[in-house]
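Under our numbering, think of the first position of the sequence shown as 38, with each following residue one higher. Where is the CB? At the ideal position from N, CA and C, for every residue including glycine. Note that the structure is a prediction, hence the values are computed from the model and not measured. Working notes, structure below.
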Amino acid sequence: MRIHDTIAGVRAALKTAGRIVFVPTMGNLHEGHIALMRQARQHGDCVVASIFVNRLQFRPGEDFEKYPRTLDADCKKLVAADVDYLFAPDETELYPEPQRYVVEPPVEHATILEGEFRPGHFCGVATVVMKLFGIIQPQAALFGKKDYQQFMVLSAMVREFALPIDIIPGETVRAADGLALSSRNGYLSAAERAEAPRLQQILSRMVAAVRAGQRDFPALEATAQTELEVHGWAPDYVAVRRRLDLQFPAADDTEFVVLAAARLGTTRLIDNLEI
Ligand code: PAF
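Below, the structure written as structure tokens:
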């Protein structure tokens with residue numbers, strides 16, 4: 038695997054790379070990322086990963102400073118996953134001057150769910166991904182469905198800007214007890230880690246209820262929130278939405294997703310299940 042930390046270097050290296058499939062990450066790689074790398078191989082000639090902890094998508098007081106930076110271990114995993122190139126710039130390379138030009142997703146995408154609790158987050162994500170797309174110039178890019186709203190926002194961005202990039206979803210990878218893999222799981226204490234699978238269990242019960250015909254979504258959401266609170270969680274939201282654009286389901290919608298974000302101690306976990 039070739040590693041580049043400059044824009045000029047990675048651009049030069051990729052000039053003759055054929056069909057480039059790109060997997061942007063913030064590092065601290067786990068099996069979910071590695072599954073994306075392996076999936077990427079099926080979609081092109083050259084698999085490019087990036088590692089960059091993007092300050093723009095963190096709010097003041099969030100975990101930007103403590104976000105784990107584990108480049109050496111990540112490189113070993115990427116080599117084992119047969120990744121061809123890693124782009125790992127530092128902040129001065131990607132943001133040599135304040136990033137005044139940004140991608141501002143529409144409010145109906147960016148201020149709901151995650152965006153309600155992390156204002157500005159999707160502007161930060163869309164801006165860095167647009168910039169990375171400009172640098173790597175991939176023909177395809179993969180994003181995990183664990184960040185369901187991120188996938189929706191980036192798919193819409195690529196569609197509305199007519200970027201010639203196929204956006205490919207990756208399935209969420211889970212631990213044996215159902216907890217969705219996330220770099221933030223490492224923040225959990227042993228007791229919190231034992232409690233954490235409850236989020237997925239509650240979502241699974243909501244899925245079963247909707248499949249059984251339950252359409253009183255506010256009641257389902259309220260029950261789920263209460264159950265989380267009873268077990269010591271602080272939920273931000275539990276929501277049944279339509280898959281297409283994460284808006285409230287209309288009477289004739291048939292494809293749903295149930296999404297949740299909740300804090301366990303100081304760790305904020307998110308998860309979702311499609312219905
Ligand atoms: O999902 C992530 O890890 C980040 O949001 C991304 C897409 C790499 C942008 O910083």
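Taking the alpha-carbon positions, what's the Val294 to Gln284 distance?
10 Å
For the 8 Å Cβ check, are there 3 or more pairs between the region 107-115 and the region 239-247?
no
Counting only the same chain and skipping the five closest in sequence on each side, list residues whose C-beta sits under 6 Å from that of Leu272.
Note that residue 272 corresponds to Pro in the displayed sequence, not to Leu. Closer than 6 Å at Cβ, skipping near neighbours: Gln262, Leu265 and Ala299.
Would the beta-carbon of Lys114 fall within 8 Å of that of Ile71?
Contact: yes.
Is any non-hydrogen atom of ligand 1 found closer than 7 Å to the C-beta of Pro133, if you look at the structure I gave you?
No; taking the cut-off as 7 Å, the Cβ of Pro133 has no heavy atom of ligand 1 nearer than that.
Touching or not, the region 174-193 and the region 141-148, by the rule of three or more beta carbon pairs under 8 Å?
yes
On a CA-only basis, which of Met194, Asp214 and Ala227 is nearest Val139? Give me that one, please.
The candidate whose alpha carbon is nearest that of Val139 is Met194.
Measure from the alpha carbon of Thr164 to the alpha carbon of each residue in His80, Phe154 and Phe198, then state which is nearest.
With distances taken between Cα atoms, Thr164 lies closest to Phe198.
Contact between the region 64-81 and the region 210-219 is defined here as three or more beta-carbon pairs at a separation below 8 Å; is this criterion met?
yes
Could you check if Thr62 belongs to the surroundings of ligand 1, using beta carbon to heavy atom distance under 7 Å?
yes
Can you tell me the Cβ-Cβ gap for Val166 and Asp121, rounded? I've got them flagged as a contact below 8 Å.
Not a contact, Cβ separation roughly 20 Å.
Regarding Asp184 and ligand 1, is the C-beta to nearest heavy atom distance less than 7 Å?
yes
Is the beta carbon of Ser87 less than 8 Å from the beta carbon of Leu218?
no
If I measure Cβ to Cβ from Ser220 and keep anything under 6 Å in the same chain, skipping five residues before and after, which residues do I get?
Asn65
Flag this pair as touching only if the region 47-60 and the region 95-102 have three or more C-beta atom pairs under 8 Å; answer yes or no.
Touching, no, given that fewer than three Cβ pairs across the two stretches are closer than 8 Å.
Note the first and the last residue of the continuous alpha helix (DSSP H) segment covering Ala217.
Note, Ala217: premise wrong, no alpha helix (DSSP H); not H, not E.
Please state whether the Cβ-Cβ distance between Asp313 and Asp42 is less than 8 Å.
This structure cannot speak to residue 313, because the chain is shown only from 38 to 312.
Within 10 Å of its beta-carbon, does Lys103 have 16 or more other beta-carbons around it, so buried, or fewer, so exposed?
exposed
What number of angstroms, rounded off, separates the C-alpha of Glu130 from the C-alpha of Gly161?
17 Å
Quick one: using the 10 Å Cβ neighbour count with 16 as the cut-off for buried, is Ala45 buried or exposed?
exposed
Taking the continuous beta strand (DSSP E) assigned at Phe89, which residues delimit it?
No beta strand (DSSP E) holds Phe89; DSSP gives it neither H nor E.
With hydrogens ignored, establish whether the beta-carbon of Phe180 is closer than 7 Å to any heavy atom of ligand 1.
yes
Alpha carbon to alpha carbon, what distance is there between Ala231 and Glu258?
23 Å
With distances taken between CB atoms, is the gap from Val275 to Ala297 smaller than 8 Å?
yes
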